[in-house]
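Take the position in the sequence shown, starting the count at 1, then add 2; the result is the number in my numbering.
Glycine included, C-beta positions come from ideal geometry on N, C-alpha and C.
What follows is a set of notes on a single structure, which appears directly below.
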Amino acid sequence: MPEHQTSEYNPVIAGFSWEEGPLDITLNDAKKAYGQLPSKYGFVSAEKRRASNKTLNLDIGSLIRELLSDKTRSLKREVCDFFREWHRDFKSEFRVNTAPFFNINRPSLVEKVLRGNRAALLHSAGLDIKKTLQDSGLIRRDVLNSISPDHLLSKTTEILTRKIRAGGRPAGAPAREVLSTLNCYGAVKGVMQYSRDGSSLPTGDDAACFADEIGKALLAFHGVHPLSGVEPVSTVTGRGVEFEYAPRDYSYLELGKRTGDCTADKRNFQADRTIENIFWTVFSWILDRNYQILKVFLEGEFVMKVHLLPIYVTGDQGYISFGGTASAISDYMFLAVDAIETTVAFREDISPGGKGPKAEVFSKTMDFIKDLADAMNIEAIYAEKFSNTPWIRDIFASYPEIFFHVDHLVKIDQLEDVFSLADELSAGAGYKRPKEVFMELQVKNTYLSPGYIHKSPGVKSFAIIRGDAGGGIPMKQIIGV
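The following block contains the structure:
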(Lines of atoms letter the chains of each structure in order from A and count residues from 1; the text may use other names and numbers.)
(Lines give C-alpha, C1' and ligand atoms only; values in the text may rest on other atoms or scores of the structure.)
Protein backbone atom coordinates (compact mmCIF):
# COMPACT_ATOMS: atom_id res chain seq x y z
CA MET A 1 0.00 0.00 0.00
CA PRO A 2 1.07 3.64 -0.50
CA GLU A 3 4.40 4.92 0.79
CA HIS A 4 3.12 8.36 1.73
CA GLN A 5 2.91 10.16 5.03
CA THR A 6 -0.64 10.23 6.35
CA SER A 7 -0.89 14.01 5.94
CA GLU A 8 -0.02 13.81 2.23
CA TYR A 9 -2.21 10.87 1.35
CA ASN A 10 -5.59 11.91 -0.01
CA PRO A 11 -6.71 9.70 -2.92
CA VAL A 12 -10.16 9.61 -4.46
CA ILE A 13 -12.08 6.64 -3.08
CA ALA A 14 -15.28 4.91 -4.16
CA GLY A 15 -18.46 5.20 -2.16
CA PHE A 16 -22.20 4.83 -2.20
CA SER A 17 -24.64 6.93 -0.20
CA TRP A 18 -28.30 6.17 0.41
CA GLU A 19 -29.12 9.83 -0.21
CA GLU A 20 -26.61 10.74 -2.92
CA GLY A 21 -25.96 7.49 -4.80
CA PRO A 22 -22.47 6.69 -6.18
CA LEU A 23 -19.65 8.82 -4.78
CA ASP A 24 -16.16 9.62 -6.01
CA ILE A 25 -14.70 11.58 -3.14
CA THR A 26 -11.30 12.25 -1.64
CA LEU A 27 -10.40 10.33 1.48
CA ASN A 28 -10.10 13.48 3.60
CA ASP A 29 -13.43 14.86 2.41
CA ALA A 30 -15.09 11.50 3.10
CA LYS A 31 -13.68 11.46 6.62
CA LYS A 32 -14.89 15.01 7.27
CA ALA A 33 -18.38 14.42 5.91
CA TYR A 34 -19.01 10.81 6.90
CA GLY A 35 -16.29 9.69 9.31
CA GLN A 36 -16.83 8.76 12.94
CA LEU A 37 -14.61 8.15 15.94
CA PRO A 38 -13.47 4.52 16.32
CA SER A 39 -13.89 4.81 20.10
CA LYS A 40 -17.66 5.16 19.60
CA TYR A 41 -17.74 1.60 18.28
CA GLY A 42 -15.12 0.10 20.59
CA PHE A 43 -12.38 -0.14 17.94
CA VAL A 44 -10.07 1.82 20.26
CA SER A 45 -10.43 2.87 23.88
CA ALA A 46 -12.08 6.20 24.67
CA GLU A 47 -8.78 7.46 26.10
CA LYS A 48 -7.28 7.35 22.61
CA ARG A 49 -9.99 9.55 21.12
CA ARG A 50 -8.63 12.32 18.89
CA ALA A 51 -10.50 14.79 16.72
CA SER A 52 -8.41 13.82 13.69
CA ASN A 53 -9.01 10.10 14.15
CA LYS A 54 -12.31 9.89 12.31
CA THR A 55 -12.57 6.95 9.94
CA LEU A 56 -15.07 5.30 7.60
CA ASN A 57 -17.36 2.24 7.49
CA LEU A 58 -17.49 2.00 11.29
CA ASP A 59 -21.19 1.17 11.52
CA ILE A 60 -20.80 -1.63 8.98
CA GLY A 61 -17.50 -2.70 10.53
CA SER A 62 -19.06 -2.95 13.98
CA LEU A 63 -21.84 -5.15 12.60
CA ILE A 64 -19.40 -7.42 10.75
CA ARG A 65 -17.17 -7.84 13.78
CA GLU A 66 -20.21 -8.75 15.86
CA LEU A 67 -21.46 -11.26 13.27
CA LEU A 68 -18.01 -12.85 13.06
CA SER A 69 -17.29 -12.83 16.79
CA ASP A 70 -18.16 -16.52 16.64
CA LYS A 71 -14.94 -17.60 14.93
CA THR A 72 -16.77 -20.50 13.24
CA ARG A 73 -19.13 -18.07 11.48
CA SER A 74 -18.68 -17.05 7.85
CA LEU A 75 -20.43 -14.45 5.70
CA LYS A 76 -19.99 -16.47 2.54
CA ARG A 77 -23.60 -17.71 2.42
CA GLU A 78 -24.98 -14.20 2.93
CA VAL A 79 -22.75 -12.86 0.15
CA CYS A 80 -23.62 -15.76 -2.14
CA ASP A 81 -27.39 -15.53 -1.55
CA PHE A 82 -27.52 -11.77 -1.98
CA PHE A 83 -25.58 -11.64 -5.24
CA ARG A 84 -27.52 -14.57 -6.66
CA GLU A 85 -30.64 -12.38 -6.47
CA TRP A 86 -28.92 -9.12 -7.41
CA HIS A 87 -30.09 -7.67 -10.73
CA ARG A 88 -26.63 -7.73 -12.34
CA ASP A 89 -25.82 -10.67 -14.61
CA PHE A 90 -22.15 -10.56 -15.59
CA LYS A 91 -22.50 -13.47 -18.00
CA SER A 92 -25.27 -11.99 -20.13
CA GLU A 93 -24.15 -8.37 -19.88
CA PHE A 94 -20.37 -8.73 -20.13
CA ARG A 95 -19.83 -12.37 -21.16
CA VAL A 96 -17.89 -12.86 -17.90
CA ASN A 97 -18.29 -16.01 -15.81
CA THR A 98 -17.97 -15.05 -12.14
CA ALA A 99 -18.33 -18.59 -10.74
CA PRO A 100 -14.55 -19.30 -10.80
CA PHE A 101 -14.08 -16.01 -8.95
CA PHE A 102 -16.01 -17.33 -5.94
CA ASN A 103 -14.71 -20.90 -5.68
CA ILE A 104 -11.53 -22.42 -7.06
CA ASN A 105 -13.26 -25.80 -7.33
CA ARG A 106 -16.07 -26.24 -9.83
CA PRO A 107 -19.38 -26.94 -8.03
CA SER A 108 -20.21 -29.58 -10.65
CA LEU A 109 -17.02 -31.48 -9.76
CA VAL A 110 -17.79 -31.35 -6.04
CA GLU A 111 -21.36 -32.57 -6.62
CA LYS A 112 -20.05 -35.41 -8.79
CA VAL A 113 -17.74 -36.55 -5.96
CA LEU A 114 -20.61 -36.33 -3.48
CA ARG A 115 -22.87 -38.43 -5.70
CA GLY A 116 -20.19 -41.00 -6.46
CA ASN A 117 -19.37 -41.56 -2.78
CA ARG A 118 -22.79 -41.06 -1.28
CA ALA A 119 -23.00 -44.49 0.39
CA ALA A 120 -19.65 -44.19 2.17
CA LEU A 121 -20.32 -40.63 3.29
CA LEU A 122 -23.80 -41.36 4.64
CA HIS A 123 -22.55 -44.48 6.42
CA SER A 124 -20.01 -42.41 8.36
CA ALA A 125 -22.54 -39.67 9.02
CA GLY A 126 -24.96 -42.18 10.54
CA LEU A 127 -22.53 -43.60 13.10
CA ASP A 128 -23.23 -43.38 16.82
CA ILE A 129 -19.75 -42.28 17.83
CA LYS A 130 -20.44 -42.47 21.55
CA LYS A 131 -21.39 -46.14 21.20
CA THR A 132 -18.34 -46.71 19.00
CA LEU A 133 -16.14 -45.26 21.73
CA GLN A 134 -17.87 -47.21 24.48
CA ASP A 135 -17.53 -50.48 22.59
CA SER A 136 -13.83 -49.81 21.97
CA GLY A 137 -13.04 -49.58 25.68
CA LEU A 138 -10.33 -47.01 24.91
CA ILE A 139 -11.95 -44.23 26.99
CA ARG A 140 -13.56 -44.82 30.37
CA ARG A 141 -17.35 -44.65 30.43
CA ASP A 142 -17.39 -41.98 33.17
CA VAL A 143 -15.10 -39.78 31.07
CA LEU A 144 -17.34 -40.19 28.03
CA ASN A 145 -20.42 -39.34 30.06
CA SER A 146 -18.78 -36.19 31.39
CA ILE A 147 -18.28 -34.73 27.90
CA SER A 148 -21.12 -32.66 26.43
CA PRO A 149 -22.50 -33.86 23.07
CA ASP A 150 -21.29 -30.65 21.36
CA HIS A 151 -17.69 -31.39 22.36
CA LEU A 152 -17.73 -35.18 22.21
CA LEU A 153 -15.99 -35.45 18.84
CA SER A 154 -13.28 -32.86 19.50
CA LYS A 155 -12.51 -33.99 23.05
CA THR A 156 -12.36 -37.72 22.32
CA THR A 157 -10.28 -37.11 19.19
CA GLU A 158 -7.85 -35.14 21.35
CA ILE A 159 -7.74 -37.90 24.00
CA LEU A 160 -7.07 -40.66 21.47
CA THR A 161 -4.44 -38.59 19.66
CA ARG A 162 -2.58 -38.02 22.93
CA LYS A 163 -2.71 -41.72 23.79
CA ILE A 164 -1.37 -42.72 20.39
CA ARG A 165 1.49 -40.22 20.66
CA ALA A 166 2.30 -41.40 24.19
CA GLY A 167 2.52 -45.05 23.13
CA GLY A 168 1.67 -47.88 25.47
CA ARG A 169 -0.96 -50.58 25.23
CA PRO A 170 -3.91 -48.45 24.04
CA ALA A 171 -1.84 -46.87 21.31
CA GLY A 172 -2.05 -49.77 18.93
CA ALA A 173 -4.22 -50.57 15.96
CA PRO A 174 -7.57 -50.34 17.84
CA ALA A 175 -6.95 -46.71 18.85
CA ARG A 176 -5.88 -45.73 15.36
CA GLU A 177 -8.89 -47.48 13.85
CA VAL A 178 -11.31 -45.68 16.18
CA LEU A 179 -9.55 -42.38 15.55
CA SER A 180 -9.94 -42.94 11.79
CA THR A 181 -13.64 -43.57 12.31
CA LEU A 182 -13.95 -40.32 14.27
CA ASN A 183 -12.05 -38.39 11.60
CA CYS A 184 -14.35 -39.69 8.85
CA TYR A 185 -17.39 -38.82 10.94
CA GLY A 186 -16.04 -35.31 11.56
CA ALA A 187 -15.20 -34.79 7.89
CA VAL A 188 -18.63 -35.78 6.62
CA LYS A 189 -20.32 -33.64 9.28
CA GLY A 190 -18.05 -30.88 7.99
CA VAL A 191 -19.51 -31.48 4.52
CA MET A 192 -23.09 -31.48 5.78
CA GLN A 193 -22.78 -28.17 7.60
CA TYR A 194 -22.89 -26.52 4.19
CA SER A 195 -26.37 -27.80 3.39
CA ARG A 196 -29.16 -25.54 4.62
CA ASP A 197 -30.64 -28.23 6.86
CA GLY A 198 -27.23 -29.23 8.20
CA SER A 199 -28.06 -32.93 8.00
CA SER A 200 -27.81 -33.85 4.32
CA LEU A 201 -25.20 -33.79 1.58
CA PRO A 202 -25.13 -30.36 -0.12
CA THR A 203 -26.51 -29.98 -3.64
CA GLY A 204 -27.50 -27.19 -5.98
CA ASP A 205 -27.05 -23.68 -4.61
CA ASP A 206 -25.37 -24.99 -1.45
CA ALA A 207 -22.69 -26.79 -3.45
CA ALA A 208 -22.32 -23.76 -5.74
CA CYS A 209 -21.75 -21.50 -2.75
CA PHE A 210 -19.40 -23.72 -0.74
CA ALA A 211 -17.58 -25.78 -3.38
CA ASP A 212 -14.14 -25.03 -1.89
CA GLU A 213 -15.16 -25.73 1.70
CA ILE A 214 -16.90 -28.97 0.72
CA GLY A 215 -13.89 -30.00 -1.37
CA LYS A 216 -11.58 -29.45 1.60
CA ALA A 217 -13.77 -31.62 3.84
CA LEU A 218 -13.98 -34.34 1.19
CA LEU A 219 -10.19 -34.45 0.91
CA ALA A 220 -9.97 -34.74 4.70
CA PHE A 221 -12.28 -37.76 4.49
CA HIS A 222 -10.26 -39.15 1.58
CA GLY A 223 -7.10 -38.93 3.69
CA VAL A 224 -8.62 -41.55 6.00
CA HIS A 225 -11.00 -43.51 3.76
CA PRO A 226 -10.38 -43.43 -0.02
CA LEU A 227 -13.05 -41.75 -2.12
CA SER A 228 -13.41 -41.98 -5.90
CA GLY A 229 -13.02 -39.03 -8.24
CA VAL A 230 -11.40 -36.62 -5.77
CA GLU A 231 -8.11 -36.19 -7.62
CA PRO A 232 -9.09 -32.92 -9.39
CA VAL A 233 -10.33 -31.33 -6.14
CA SER A 234 -8.06 -28.50 -5.01
CA THR A 235 -7.15 -27.47 -1.47
CA VAL A 236 -4.04 -26.53 0.49
CA THR A 237 -2.15 -29.73 1.32
CA GLY A 238 1.20 -28.30 2.41
CA ARG A 239 3.06 -29.33 -0.74
CA GLY A 240 4.61 -26.78 -3.10
CA VAL A 241 2.86 -23.57 -4.17
CA GLU A 242 -0.88 -23.70 -3.49
CA PHE A 243 -3.83 -21.33 -3.46
CA GLU A 244 -7.12 -20.68 -1.73
CA TYR A 245 -9.58 -17.81 -1.63
CA ALA A 246 -9.59 -15.98 1.68
CA PRO A 247 -12.45 -17.37 3.83
CA ARG A 248 -15.04 -14.70 4.60
CA ASP A 249 -14.75 -15.32 8.32
CA TYR A 250 -12.92 -13.52 11.12
CA SER A 251 -9.55 -14.46 9.64
CA TYR A 252 -10.38 -12.16 6.70
CA LEU A 253 -10.17 -9.19 9.05
CA GLU A 254 -6.69 -10.27 10.16
CA LEU A 255 -5.03 -10.72 6.75
CA GLY A 256 -3.50 -7.24 6.74
CA LYS A 257 -1.99 -7.90 10.14
CA ARG A 258 -0.39 -11.09 8.82
CA THR A 259 1.20 -9.30 5.87
CA GLY A 260 1.99 -6.13 7.82
CA ASP A 261 0.35 -3.81 5.30
CA CYS A 262 -1.94 -0.82 5.74
CA THR A 263 -5.09 -2.95 5.98
CA ALA A 264 -3.98 -4.27 9.39
CA ASP A 265 -6.60 -3.64 12.05
CA LYS A 266 -4.16 -1.46 13.99
CA ARG A 267 -1.37 0.74 12.72
CA ASN A 268 1.20 -0.80 15.08
CA PHE A 269 0.92 -4.07 13.11
CA GLN A 270 2.06 -2.32 9.91
CA ALA A 271 5.62 -2.81 8.77
CA ASP A 272 5.66 0.93 8.03
CA ARG A 273 3.56 2.82 10.57
CA THR A 274 3.84 6.12 8.68
CA ILE A 275 1.50 4.80 6.00
CA GLU A 276 -2.19 5.71 6.17
CA ASN A 277 -4.14 2.84 7.72
CA ILE A 278 -7.16 1.79 5.63
CA PHE A 279 -8.50 -1.12 7.66
CA TRP A 280 -11.94 0.41 7.13
CA THR A 281 -11.98 -0.77 3.49
CA VAL A 282 -11.75 -4.46 4.54
CA PHE A 283 -15.39 -4.27 5.69
CA SER A 284 -16.58 -3.44 2.18
CA TRP A 285 -14.30 -6.02 0.55
CA ILE A 286 -15.67 -8.90 2.62
CA LEU A 287 -19.23 -8.12 1.47
CA ASP A 288 -18.33 -7.87 -2.21
CA ARG A 289 -18.69 -10.99 -4.33
CA ASN A 290 -16.74 -9.24 -7.05
CA TYR A 291 -13.70 -8.48 -4.91
CA GLN A 292 -11.54 -11.50 -4.18
CA ILE A 293 -8.41 -12.06 -2.12
CA LEU A 294 -6.25 -14.97 -3.23
CA LYS A 295 -4.05 -16.48 -0.52
CA VAL A 296 -0.78 -18.05 -1.68
CA PHE A 297 0.98 -20.80 0.28
CA LEU A 298 4.46 -22.25 0.03
CA GLU A 299 4.84 -25.71 1.61
CA GLY A 300 1.70 -24.99 3.62
CA GLU A 301 2.87 -21.59 4.89
CA PHE A 302 0.91 -18.46 3.98
CA VAL A 303 3.34 -16.12 2.19
CA MET A 304 1.38 -13.78 -0.08
CA LYS A 305 -2.05 -12.37 -0.87
CA VAL A 306 -3.34 -11.06 -4.19
CA HIS A 307 -6.30 -8.68 -4.44
CA LEU A 308 -8.39 -9.18 -7.57
CA LEU A 309 -11.47 -7.69 -9.18
CA PRO A 310 -12.97 -7.29 -12.65
CA ILE A 311 -12.78 -3.71 -13.94
CA TYR A 312 -14.65 -2.26 -16.90
CA VAL A 313 -12.93 0.18 -19.25
CA THR A 314 -15.41 2.66 -20.60
CA GLY A 315 -15.42 5.82 -22.67
CA ASP A 316 -17.74 8.06 -24.64
CA GLN A 317 -19.38 5.58 -27.03
CA GLY A 318 -16.25 3.44 -26.92
CA TYR A 319 -13.78 6.33 -27.05
CA ILE A 320 -11.83 8.15 -24.37
CA SER A 321 -11.37 11.85 -24.97
CA PHE A 322 -7.86 12.87 -23.98
CA GLY A 323 -5.92 16.04 -24.67
CA GLY A 324 -8.28 17.09 -27.44
CA THR A 325 -7.93 13.80 -29.31
CA ALA A 326 -9.70 10.47 -29.12
CA SER A 327 -8.00 7.22 -28.26
CA ALA A 328 -9.78 4.24 -29.78
CA ILE A 329 -10.58 2.07 -26.76
CA SER A 330 -13.48 -0.31 -27.05
CA ASP A 331 -15.43 -0.96 -23.88
CA TYR A 332 -14.19 -4.17 -22.29
CA MET A 333 -13.56 -5.95 -19.01
CA PHE A 334 -10.13 -6.78 -17.63
CA LEU A 335 -9.06 -8.69 -14.54
CA ALA A 336 -7.32 -6.24 -12.23
CA VAL A 337 -4.58 -7.23 -9.82
CA ASP A 338 -5.34 -4.49 -7.31
CA ALA A 339 -2.52 -5.37 -4.91
CA ILE A 340 0.05 -8.03 -4.11
CA GLU A 341 1.36 -8.09 -0.55
CA THR A 342 3.64 -10.61 1.10
CA THR A 343 4.28 -11.56 4.68
CA VAL A 344 7.13 -9.63 6.27
CA ALA A 345 9.45 -12.66 6.19
CA PHE A 346 8.79 -13.02 2.44
CA ARG A 347 9.79 -9.43 1.62
CA GLU A 348 13.51 -10.04 1.31
CA ASP A 349 15.00 -9.22 -2.07
CA ILE A 350 14.64 -11.92 -4.68
CA SER A 351 17.71 -14.13 -5.06
CA PRO A 352 20.32 -13.35 -7.77
CA GLY A 353 19.30 -14.42 -11.24
CA GLY A 354 15.64 -14.49 -10.35
CA LYS A 355 15.81 -18.00 -8.95
CA GLY A 356 14.59 -19.35 -5.65
CA PRO A 357 11.22 -19.74 -3.93
CA LYS A 358 10.09 -16.13 -4.44
CA ALA A 359 10.49 -16.34 -8.21
CA GLU A 360 8.70 -19.70 -8.24
CA VAL A 361 5.85 -18.43 -6.08
CA PHE A 362 5.42 -15.33 -8.23
CA SER A 363 5.54 -17.27 -11.50
CA LYS A 364 3.02 -19.87 -10.36
CA THR A 365 0.76 -17.14 -8.99
CA MET A 366 0.76 -15.42 -12.38
CA ASP A 367 -0.08 -18.77 -14.00
CA PHE A 368 -2.99 -19.22 -11.58
CA ILE A 369 -4.31 -15.73 -12.36
CA LYS A 370 -4.10 -16.39 -16.11
CA ASP A 371 -5.99 -19.65 -15.69
CA LEU A 372 -8.58 -17.83 -13.58
CA ALA A 373 -9.03 -15.16 -16.25
CA ASP A 374 -9.46 -17.91 -18.87
CA ALA A 375 -12.15 -19.58 -16.74
CA MET A 376 -13.88 -16.20 -16.36
CA ASN A 377 -13.66 -15.56 -20.12
CA ILE A 378 -11.49 -12.46 -19.59
CA GLU A 379 -8.54 -11.90 -21.88
CA ALA A 380 -6.74 -8.84 -20.48
CA ILE A 381 -5.00 -8.85 -17.07
CA TYR A 382 -3.44 -5.63 -15.77
CA ALA A 383 -1.75 -5.08 -12.42
CA GLU A 384 -1.29 -2.19 -10.03
CA LYS A 385 2.48 -1.75 -9.85
CA PHE A 386 2.69 -0.72 -6.22
CA SER A 387 3.36 -3.17 -3.39
CA ASN A 388 4.85 -2.93 0.09
CA THR A 389 7.25 -5.64 -1.07
CA PRO A 390 10.20 -4.23 -3.04
CA TRP A 391 10.83 -7.33 -5.15
CA ILE A 392 7.18 -7.33 -6.30
CA ARG A 393 7.57 -3.70 -7.42
CA ASP A 394 10.83 -4.57 -9.19
CA ILE A 395 9.23 -7.42 -11.12
CA PHE A 396 6.25 -5.33 -12.25
CA ALA A 397 8.60 -2.51 -13.27
CA SER A 398 10.08 -4.89 -15.86
CA TYR A 399 6.66 -5.67 -17.39
CA PRO A 400 5.27 -3.84 -20.43
CA GLU A 401 2.82 -1.12 -19.40
CA ILE A 402 -0.58 0.23 -20.33
CA PHE A 403 -2.05 3.64 -19.51
CA PHE A 404 -5.60 4.47 -18.41
CA HIS A 405 -7.33 7.54 -17.08
CA VAL A 406 -8.79 6.39 -13.79
CA ASP A 407 -12.14 8.09 -14.50
CA HIS A 408 -12.68 5.45 -17.19
CA LEU A 409 -11.98 2.48 -14.92
CA VAL A 410 -15.34 1.40 -13.59
CA LYS A 411 -16.22 -0.98 -10.80
CA ILE A 412 -19.55 -2.37 -11.89
CA ASP A 413 -22.44 -1.09 -9.72
CA GLN A 414 -20.11 1.34 -7.92
CA LEU A 415 -20.78 -0.17 -4.43
CA GLU A 416 -24.56 0.01 -4.67
CA ASP A 417 -24.54 -3.78 -4.36
CA VAL A 418 -22.22 -3.76 -1.34
CA PHE A 419 -24.29 -1.04 0.33
CA SER A 420 -27.52 -2.96 -0.27
CA LEU A 421 -26.09 -6.13 1.28
CA ALA A 422 -24.80 -4.17 4.29
CA ASP A 423 -28.24 -2.60 4.67
CA GLU A 424 -29.90 -6.03 4.50
CA LEU A 425 -27.54 -7.51 7.09
CA SER A 426 -28.00 -4.53 9.42
CA ALA A 427 -31.78 -4.75 9.24
CA GLY A 428 -31.70 -8.50 9.88
CA ALA A 429 -29.45 -8.11 12.91
CA GLY A 430 -31.43 -5.23 14.39
CA TYR A 431 -28.59 -2.76 13.84
CA LYS A 432 -28.92 0.85 12.81
CA ARG A 433 -28.98 0.78 9.04
CA PRO A 434 -25.96 2.34 7.27
CA LYS A 435 -26.15 5.58 5.32
CA GLU A 436 -23.08 5.02 3.17
CA VAL A 437 -20.21 2.65 2.41
CA PHE A 438 -16.70 3.29 1.07
CA MET A 439 -13.91 1.30 -0.57
CA GLU A 440 -10.37 2.12 -1.64
CA LEU A 441 -9.29 0.66 -4.97
CA GLN A 442 -5.59 0.89 -5.77
CA VAL A 443 -6.28 0.74 -9.51
CA LYS A 444 -7.96 4.14 -9.23
CA ASN A 445 -5.46 5.61 -6.76
CA THR A 446 -3.25 8.11 -8.59
CA TYR A 447 -1.14 8.63 -5.46
CA LEU A 448 0.54 5.38 -6.48
CA SER A 449 1.39 6.62 -9.99
CA PRO A 450 5.01 6.88 -11.16
CA GLY A 451 6.43 10.36 -10.74
CA TYR A 452 7.10 10.90 -14.44
CA ILE A 453 3.42 11.31 -15.33
CA HIS A 454 3.20 15.10 -14.88
CA LYS A 455 1.25 16.38 -17.87
CA SER A 456 -1.55 13.86 -17.47
CA PRO A 457 -3.46 14.20 -14.18
CA GLY A 458 -5.61 11.17 -13.51
CA VAL A 459 -3.62 8.86 -15.77
CA LYS A 460 -2.03 5.72 -14.37
CA SER A 461 0.37 3.14 -15.69
CA PHE A 462 -0.33 -0.56 -15.10
CA ALA A 463 1.76 -3.67 -15.66
CA ILE A 464 0.49 -5.89 -18.46
CA ILE A 465 0.31 -9.47 -17.24
CA ARG A 466 -1.62 -10.35 -20.38
CA GLY A 467 -3.05 -8.09 -23.02
CA ASP A 468 -2.17 -5.34 -25.48
CA ALA A 469 -1.02 -1.81 -24.69
CA GLY A 470 -3.23 -0.71 -27.56
CA GLY A 471 -6.21 -1.22 -25.27
CA GLY A 472 -5.17 1.91 -23.36
CA ILE A 473 -4.14 5.48 -24.06
CA PRO A 474 -1.23 5.75 -26.53
CA MET A 475 2.03 6.39 -24.67
CA LYS A 476 2.94 9.38 -26.88
CA GLN A 477 -0.04 11.24 -25.48
CA ILE A 478 1.15 10.51 -21.94
CA ILE A 479 4.85 11.29 -21.97
CA GLY A 480 5.27 13.09 -25.26
CA VAL A 481 7.16 10.38 -27.12
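- Between I342 and I394, the CB-CB gap stays under 7 Å.
- Taking C211 as the centre and dropping the five residues before and after it, the same chain places the C-beta of K78, R79 and C82 closer than 7 Å to its C-beta, in chain order.
- Residues of the same chain with a CB within less than 7 Å of the CB of N379, apart from the 5 flanking positions on each side, are R97, V98 and N99 in chain order.
- Non-local C-beta neighbours of L65 in its own chain, meaning closer than 7 Å and more than five positions away in sequence, comprise L427, S428, A431 and Y433, ordered along the chain.
- Sixteen is the threshold: when 16 or more other Cβ atoms of the shown chains lie within 10 Å of the Cβ of T57, as they do, the residue is buried.
- For R79, the uninterrupted alpha helix (DSSP H) run begins and ends at K78 to E87, by DSSP.
- Between the alpha carbons of E179 and G192 lies a distance of about 20 Å.
- For the pair of segments examined, the segment 244-264 was found to touch the segment 292-303: the number of CB pairs separated by less than 8 Å reaches three.
- Three or more beta-carbon pairs drawn from the segment 215-227 and the segment 119-126 are found closer than 8 Å, and the two stretches are therefore classed as touching.
- Beta-bridge partners assigned by DSSP to D26: A16.
- In the three-state scheme derived from DSSP, where H, G and I count as helix and E and B as strand, S64 is classed as helix.
- Less than 7 Å divides the Cβ of T283 from the Cβ of M441.
- The DSSP-derived three-state label of K307 is strand.
- In the structure shown, the three-state DSSP call for V445 is helix.
- For E350, no alpha helix (DSSP H) segment is defined, and its DSSP state is neither H nor E.
- Beyond the five residues adjoining it in sequence on each side, F84 comes within less than 7 Å, by CB distance, of L423 and E426 in the same chain, given in chain order.
- Scanning its chain for C-beta atoms nearer than 7 Å, with the 5 sequence neighbours on each side dropped, one finds around D340 the residues H309, L310, L311, E386, L443, Q444 and V445, in chain order.
- For A121, the uninterrupted alpha helix (DSSP H) segment begins and ends at R120 to A127.
- Between F336 and A377, the beta carbon gap of about 15 Å keeps them out of contact (Cβ cut-off 8 Å).
- Pairing G37 with G474, the inter-Cα distance amounts to about 35 Å.
- Here S197 really is in contact with D208; their C-beta atoms are around 5 Å apart, less than 8 Å.
- According to DSSP, M335 shares a beta bridge with Y314.
- Contact between L220 and V238 fails: their C-beta atoms lie close to 14 Å from each other, not under 8 Å.
- Counted as a single uninterrupted DSSP element, the stretch harbouring H407 is not any alpha helix (DSSP H) but the beta strand (DSSP E) occupying residues E403 to H407.
- Going by beta carbons, Q416 and P102 fall outside the 7 Å limit.
- The residues V420, in chain order, have a CB closer than 7 Å to that of D290 in the same chain once the five nearest residues on each side in sequence are set aside.
- Per DSSP, A471 lies in no beta strand (DSSP E) and is assigned neither H nor E.
- Note on H153: under 16 other CB atoms within 10 angstroms of its CB, so exposed under the neighbour-count rule.
- Annotation: I27 to I15 spans about 6 Å, alpha carbon to alpha carbon.
- Per DSSP, Y187 is one residue of the alpha helix (DSSP H) stretching across A175 to M194.
- Ranked by Cα distance from V305, the options K360, P109, I216 and T134 are led by K360.
- Going by DSSP, K165 is part of the alpha helix (DSSP H) stretching over L154 to A168.
- In the three-state scheme derived from DSSP, where H, G and I count as helix and E and B as strand, S236 is classed as coil.
- With 16 or more other Cβ atoms inside 10 Å of its own Cβ, V439 counts as buried.
- In the three-state reduction of the DSSP assignment, Y384 falls in the strand class.
- Bridge partners of K297 according to DSSP: E246 and K307.
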